[in-house]
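*Asks:* After the structure tokens below, expect a handful of questions from me.
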Amino acid sequence: MKHRLPTRLIAPALALTALATSQTALAQQQACVAPADLSDAVVYVMPIAFDAAQSACANRLSRDGFMATGGETYISQFRSGQDKAWPGAFRFLKTFMDKEGGGEGGSQDQMGAMLGSMPEEALRPFVDALVGQMIAAEIKGDTCGQIERGLELFSPMPVENVGGIVAFIADLTDLKNPPICGAASATTGTARK
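Below you can see the structure in the form of structure tokens.
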């Protein structure tokens, strides 16, 4: 004898399931990064990226090039802004991890859960080391000169503007992974007063 659930019970349950699924999918699609948080992430990561580039490019850069002669002085301005930029950089990281995880389970979801459960300050050394390793692994020897040139081109700009200009370019180019929320304001990130 077959048991059939009454249609009047199944239909609402299916409708609620569909609604919950579509709301979850919509929330995942709408996960975006605030321009100010992207700006803060750039300010925060610049010293980490500089250190990674110095390590990866140690034998490829000239002793009289910008990184050797003026790079550390320029990057020291970013280092002094890292504490102020950390909260926005952390929000960027969480949004990026949530977007990358996509609710598919696995290590990205576990990383997101870890990020959500630990105090922000406790994660900083872990984030610094992980990001530094990731950047160093991506640097190819033939790009060392380009990295140095790019850093030198940014060097006349105030630190606050570097993060803002990167967020502006990401917004202008319609960055998708993760997308930038709304239009960027004239002042973003650590440039906010």
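With the working numbering applied, the sequence shown covers -14 to 178.
Where a beta carbon is used, it is the ideal one built from N, C-alpha and C, also for glycine.
#1: Check whether the segment 36 to 51 and the segment 61 to 74 are in contact - that is, three or more C-beta pairs closer than 8 angstroms.
#2: Buried or exposed: which applies to GLY167, given that a residue is buried once 16 or more other Cβ atoms fall within 10 Å of its Cβ?
#3: Buried or exposed for GLN131, please, with buried defined as at least 16 other CB atoms from any protein chain shown within 10 angstroms of its CB.
#4: Is ILE165 helix, strand or coil when you go by DSSP?
#5: Report the residue from TYR59, ALA19, VAL28 whose alpha carbon sits nearest the alpha carbon of ARG76.
#6: Once the 5 residues before and after SER124 are set aside, which same chain residues still bring their CB inside 8 angstroms of it?
#7: On the DSSP bridge list, what partners appear for VAL28?
#8: What's the C-alpha gap between GLN13 and GLU137?
#9: Between GLU179 and GLN118, what straight-line distance do the alpha-carbon atoms span, to the nearest angstrom?
#10: Quick check: the Cα distance between PRO110 and PRO104, rounded to an integer number of angstroms?
#11: Where does LYS79 land, buried or exposed, given buried means 16+ other C-beta within 10 angstroms?
#12: Taking Cβ positions, are ALA26 and ALA74 nearer each other than 9 angstroms?
#13: Look at the Cβ atom of MET31, then the Cβ atom of VAL112, and state whether they are nearer than 9 angstroms.
#14: Since VAL18 sits in a beta bridge, which residues does DSSP pair it with?
#15: According to DSSP, is LEU108 part of a helix, a strand, or is it coil?
#16: Checking contacts by CB at 9 angstroms: is GLY135 closer than that to chain D?
#17: Helix, strand or coil for ALA38? Go by DSSP, reduced to three states.
#18: To which residues of the same chain is ILE60 closer than 6 angstroms at the C-beta, ignoring the five residues directly before and after it?
*Replies:* Considering the structure as presented:
#1: no
#2: exposed
#3: exposed
#4: strand
#5: ALA19
#6: Inspection of the sequence shows that residue 124 is occupied by Ile rather than by Ser. These residues qualify, in order along the chain: ALA37, ALA38, ALA41, CYS42, ILE132.
#7: VAL28 is not bridged to any residue.
#8: Summary for GLN13: the model assigns pLDDT 45, below 50, so the residue's position carries little reliability; its value from the coordinates is reported in the next sentence. Looking at the two C-alpha atoms, the distance is approximately 38 angstroms.
#9: No information on residue 179 is available, as it lies outside the stretch -14 to 178 that the chain covers here.
#10: 12 angstroms
#11: buried
#12: Yes, these two residues count as a Cβ contact at 9 angstroms.
#13: no
#14: Answer is ILE165, bridged to VAL18.
#15: helix
#16: Among the protein chains of the structure shown there is no chain D, as only one such chain exists.
#17: helix
#18: PRO32, PHE35
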